[in-house]
Amino acid sequence: MKKHRFLLLLLISVFLFITACSASESKKDMVESSDSEVWSNDMAVERDSAAYESEEYVEESEDASEGIHHSADDIPTVRMIIHRAFLQFQVADFEKAQLNIEKKVAKYNGYIVESNVYHEEDKTISGNMMLRIPEKHFQSFLTDAEGEATDIIQRNVTGEDVTEHYVDLEARLKSKRVLEERLLTFMEQAEKTEDLLKISSDLAVVQEEIEVIVGKMKYLENQTALSTVEIHLFENRIVIPDIDRKGLDTWEKTKKQFTTSINYLLAFASSLVVFFVGNFPILLLLLVIISGVYFFIRRK
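In mature numbering (1 follows the signal peptide of the UniProt record, and there is no 0), the protein residues as written are -23 to -1, 1 to 277.
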């Protein structure tokens, strides 16, 4: 009987031990599962917070790469050249030459930026003209303008190739447009205020950079579409003096000399009258003395 009780107690003890071990393992699995879920959530948050910075880094890398390397296919076959010309020449008739140049500007669909005229003591007349001429008529206009000259003093034509610079701006603009779209997407998905503010700030910077790039591209397009021509023209005039009619007016000179002579005579007569009348007492006394001396000498 005691033997059966011992076996029963042993079986109960083994059962309780196994049950306790199972409960401990289950609790351990639950703790590990909970820790795994927390770690997974933390990693997801880190990935979400790093996604925006990763996109910025990738975009900046792409932007820098595109700004440095261009394949041969990226460069247009039509080169973008900024042409400038400076002409200095003498003309026979300044007004006529200036008018003809203005007509040629209108003929080639150009326009006048600035025009000045200077006069120097009726001997020299000169002027400056700043013109914008369509690129396709650049050489033709120079030839026509030089046709107004009697003597070409200076002719200077320069060309600046801005093709690669323009292609680089196009690549940068494309990259910035992509970055702008991504920032707008991030802004729509942002839930935190601080994230929204940061994205808005970065978006404003990118949009400002886009405006600067677009402005540079428009400037290059304008400079290559219209060439700049500066012209300095002058006319040396020979001044022929007029006949001095004043020096040949004999009658006027005669009347003037006659009047002058009369004035001298009148002045002399006036002086005599003033002398005798003003000095009459003295003259009378002298006359009496001289008369007395004369009679005294005569009696002897």
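Glycine residues also receive a C-beta, built at the ideal position from the N, C-alpha and C atoms. Fair warning: this is a prediction, and the values are worked out from it, not measured in the lab.
- Looking only at Lys193, Tyr241, Ala126 and Phe211, the smallest Cα-Cα distance to Val94 is reached by Phe211.
- In the structure shown, the three-state DSSP call for Arg149 is helix.
- In terms of Cβ geometry, Gln67 and Asn213 form a close pair [threshold 8 Å].
- With a contact defined as Cβ atoms closer than 8 Å, Ile102 and Phe71 qualify at about 5 Å.
- With fewer than 16 other CB atoms across the displayed protein chains lying within 10 angstroms of its CB, Ala244 is exposed.
- Nearest in C-alpha terms to Thr140, of all of Ile58, Val270, Glu229 and Ala83, is Ile58.
- For Val182, the uninterrupted alpha helix (DSSP H) segment begins and ends at Thr170 to Ala202.
- Within the same chain, Cβ atoms closer than 7 Å to the Cβ of Val183 are found at Lys153, Leu156, Glu157 and Leu160, the five residues on either side in sequence being excluded.
- The continuous stretches of beta strand (DSSP E) do not include Asn77, which lies in the alpha helix (DSSP H) extending over residues Phe71 to Lys84.
- Closest in C-alpha terms to Val206, from the list Gly124, Tyr88 and Ile190, comes Tyr88.
- In the structure shown, Val155 adopts helical secondary structure according to DSSP, grouped into three states.
- Fewer than three Cβ pairs drawn from the region 103 to 118 and the region 230 to 244 lie within less than 8 Å of each other, which leaves the two stretches out of contact.
- Per DSSP, reduced to three states, the secondary structure at Ala244 is helical.
- A straight-line Cα-Cα distance of about 19 Å links Arg109 and Lys193.
- Look at Arg61 here: in three-state DSSP terms it is strand.
- Ranked by Cα distance from Thr127, the options Asp172, Ala74 and Glu168 are led by Ala74.
- Restricting attention to Lys84, Glu98, Ile130 and Phe257, the CA atom closest to the CA of Ile208 is found in Ile130.
- For Val90, there is no enclosing alpha helix (DSSP H); the residue is found in the beta strand (DSSP E) stretching over Tyr88 to Glu97.
- At a cut-off of 4 residues, the continuous stretches assigned as alpha helix (DSSP H) that sit fully inside the region 110 to 137 are 115 to 123.
- Residue nearest to Asn199 within the set Lys169, Tyr143 and His96 is Tyr143 (criterion: CA-CA distance).
- Taking a 10 Å sphere around the C-beta of His96, we find fewer than 16 other C-beta atoms and assign the residue as exposed.
- In the three-state reduction of the DSSP assignment, Val206 falls in the strand class.
- In the assembly as shown, Leu119 is a buried residue. Its beta-carbon has 16 or more other beta-carbons within 10 Å.
- In this structure, Ile78 sits away from Met107, with a CB-CB distance that is not shorter than 8 Å.
- The beta carbon of Asp121 is closer than 6 Å to those of Lys81 in its chain, skipping five residues each way along the sequence.
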